Amino acid sequence: MQQPQTAQIGRAGQRTILGHPAGLFVLFFTEMWERFSYYGMRSLLVLYMVNHLFLRPDVGEKVLGFNLIKGTLESVFGPLQAQPLSSQIYGLYTALVYLTPFFGGMLADKVIGQRKAVILGGVLMAIGHFLMAIESLFFPALIFLIMGNGAFKPNISTQVGGLYPEGDPRRDRAFTIFYMGINLGAFFSPLVCGTLGQTVGWHYGFGAAGVGMVLGLCLYLWGQRFLAPDMRTRMAAQPQHEKRPLTKNEWKRIWAVIILCGLNVIFWGIYEQQGNTMQLWADRNTNWNFAGFRIPSTWFQAFNPLMIFMFAPLLNILWGWQSKRRQEPSSIIKMMIGCFLAGASYIVMVLAAQGTGPEVRRSVMWLIGTTFIITTGELFLSPIGLSFVTKVAPAKIVSMMMGVWFLSSFFGNYFSGFLGTFYERMSRDAFFLMLTGLGFTAGIAIWLVSRPLNKIVGQHDRLEA
3 MQQPQTAQIG RAGQRTILGH PAGLFVLFFT EMWERFSYYG MRSLLVLYMV
53 NHLFLRPDVG EKVLGFNLIK GTLESVFGPL QAQPLSSQIY GLYTALVYLT
103 PFFGGMLADK VIGQRKAVIL GGVLMAIGHF LMAIESLFFP ALIFLIMGNG
153 AFKPNISTQV GGLYPEGDPR RDRAFTIFYM GINLGAFFSP LVCGTLGQTV
203 GWHYGFGAAG VGMVLGLCLY LWGQRFLAPD MRTRMAAQPQ HEKRPLTKNE
253 WKRIWAVIIL CGLNVIFWGI YEQQGNTMQL WADRNTNWNF AGFRIPSTWF
303 QAFNPLMIFM FAPLLNILWG WQSKRRQEPS SIIKMMIGCF LAGASYIVMV
353 LAAQGTGPEV RRSVMWLIGT TFIITTGELF LSPIGLSFVT KVAPAKIVSM
403 MMGVWFLSSF FGNYFSGFLG TFYERMSRDA FFLMLTGLGF TAGIAIWLVS
453 RPLNKIVGQH DRLEA
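Quick note on numbering: my numbering labels position 392 of the sequence shown as 394, and the sequence is numbered without any gaps.
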């Protein structure tokens with residue numbers, strides 16, 4: 003009897019759901035809960051610092067490490083008031099969240115394997131989220147979250163690629179499905195954590211993020227039987243392969259990944275304004291009153307993941323249709339398009355910012371328009387980049403190269419914090435115009451290097467087209 007399409011056993015005894023290995027959906031929901039915790043905390047972070055923590059008269063005495071952090075930043079950038087200081091800390095935190103995956107990938111590749119690294123990361127992040135509920139431990143909590151994410155992030159993404167054999171045409175689509183899991187968590191987190199934090203108490207919001215991380219960790223422990231073996235286990239079965247030095251072609255592919263990562267820094271710098279200056283715009287310059295009810299401004303951060311649910315399947319259909327006709331753009335061209343769209347999104351904000359002052363509130367439709375365009379750009383760049391790394395990077399260092407991919411987010415997120423320090427120094431329309439120019443610059447740069455890079459990675463990039 004033919005198995006139903008929604009749940010069947012693959013040729014190698016591998017259970018499948020909707021034509022994909024069941025392990026994809028274990029990773030989907032694990033990542034969903036981890037992203038629920040991360041974005042729930044992020045939706046509150048800048049507002050918590052600007053509107054509460056850094057306004058306390060005894061902040062230097064009560065918050066462990068505050069004077070050291072503030073003094074260090076001011077020694078470089080000069081005196082910092084609450085908003086630019088918060089922007090710098092937001093940028094440093096979100097940057098370091100994406101620096102540590104490089105070392106987490108090395109830890110998995112060389113020492114403990116991907117599964118143990120994911121478990122270690124989940125435990126550390128759960129501790130960090132619960133510590134956020136204690137004001138005096140704000141900075142130690144951020145350290146736990148940074149270290150935990152470093153172990154967790156590259157190794158769960160790499161396990162998605164490990165579910166598929168080389169040349170499997172489902173892999174790009176699998177990463178887009180996985181990316182929707184990321185955004186399912188990101189959608190609900192501001193609605194739950196943001197609402198609790200803004201209407202009940204900051205620490206309730208942070209505590210809810212910790213509960214989400216614990217749920218994700220429990221799910222991952224339960225579903226390990228559906229996952230592919232660790233890369234270390236597979237390499238151990240091929241000792242002669244592990245000892246082989248990298249070939250000249252493999253080094254070229256590594257450099258192709260590094261070059262694209264470097265150019266993507268600008269994309270992440272303007273994209274991550276959503277949790278920084280765009281959240282401040284949503285809080286201070288957007289009208290959230292509907293039918294006599296004021297919606298929490300953190301709901302703004304649910305727009306992006308909601309649109310990913312709406313448009314990711316449509317792009318998947320488009321790329322599948324193009325692939326059948328051998329017209330699908332290469333991964334590099336998709337990333338170029340993503341940068342142009344990110345820059346174009348802030349043109350909407352340039353228009354919205356005309357004539358605004360501290361007390362002027364604009365329609366929420368301006369935020370929706372900006373988010374629509376930048377979300378489309380994100381879909382052309384972020385999940386495609388994850389898939390690109392697993393296809394192009396040599397197998398024995400794939401987790402480390404996934405860490406290199408996240409290094410672009412490290413520099414980009416710090417760049418986001420740095421850019422945010424100009425938010426109150428420049429006029430709003432000039433600030434958003436600067437972001438537009440940066441996005442277009444990144445798109446042009448990728449276009450200029452696309453031809454030589456496509457020659458290097460073309461065969462590997464199109465194996466699964």
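Glycine is no exception: its CB is placed at the ideal position from the N, C-alpha and C atoms.
These figures come from a predicted structure and were not determined experimentally.
{"Check": "Exposure label - VAL78; buried when at least 16 CB within 10 Å", "Outcome": "exposed"}
{"Check": "Close beta carbons around ASN456, own chain, < 7 Å, minus the five adjacent residues each side", "Outcome": "SER332, ILE334"}
{"Check": "Delimiting residues of the alpha helix (DSSP H) encompassing LEU126", "Outcome": "115 to 133"}
{"Check": "Contacts around TYR95, its chain only, beta-carbon distance under 6 Å, and the 5 residues preceding and following it disregarded", "Outcome": "LEU144"}
{"Check": "9 Å Cβ cutoff met for PHE269 and ALA444", "Outcome": "yes"}
{"Check": "Minimum C-alpha distance to GLY187 - residue among PHE31, LYS155, PHE68, ILE158", "Outcome": "PHE31"}
{"Check": "LEU109 versus VAL406 - alpha carbon distance", "Outcome": "14 Å"}
{"Check": "Residues near VAL259 by beta carbon distance below 8 Å, same chain, minus five either side", "Outcome": "PHE390, VAL391, VAL394, ALA395, MET403, VAL406, TRP407"}
{"Check": "Per-residue DSSP class, three states only, for PRO231", "Outcome": "coil"}
{"Check": "Environment of PHE180 [buried if 16+ CB atoms lie within 10 Å]", "Outcome": "buried"}
{"Check": "Buried or exposed (CB count within 10 angstroms, at least 16 for buried), ALA432", "Outcome": "exposed"}
{"Check": "C-alpha gap between GLY471 and ARG364, whole angstroms", "Outcome": "Nothing can be reported for residue 471: it is not among the residues displayed for the chain, which extend from 3 to 467."}
{"Check": "HIS243 - DSSP class collapsed to helix/strand/coil", "Outcome": "In this prediction, HIS243 scores a pLDDT of 48, lower than 50, which makes its location untrustworthy; the coordinate-derived value is nonetheless stated afterwards. Correct three-state label for HIS243: helix."}
{"Check": "Straight-line gap, VAL400 to PRO156 (C-alpha atoms, nearest Å)", "Outcome": "9 Å"}
{"Check": "Status (buried if at least 16 other CB within 10 Å, exposed otherwise) for HIS243", "Outcome": "Here HIS243 scores only 48 on pLDDT, less than 50, and its place in the model should not be relied on; the value that follows carries that caveat. So HIS243 counts as exposed."}
{"Check": "CB-CB length for VAL113 against TYR222, believed under 8 Å", "Outcome": "Rounded, the Cβ-Cβ distance is 19 Å, inconsistent with contact."}
{"Check": "Start-end ranges of the alpha helix (DSSP H) lying completely within the segment 39 to 117, minimum 4 residues", "Outcome": "61 to 64, 68 to 79, 84 to 109"}
{"Check": "Distance, LEU388 Cα to SER159 Cα", "Outcome": "7 Å"}
{"Check": "Close Cβ partners of VAL52 (< 6 Å) along its chain, the five nearest in sequence each way excluded", "Outcome": "ALA84, GLN85, SER88"}
{"Check": "For ASN456, the three-state DSSP class (helix, strand or coil)", "Outcome": "helix"}
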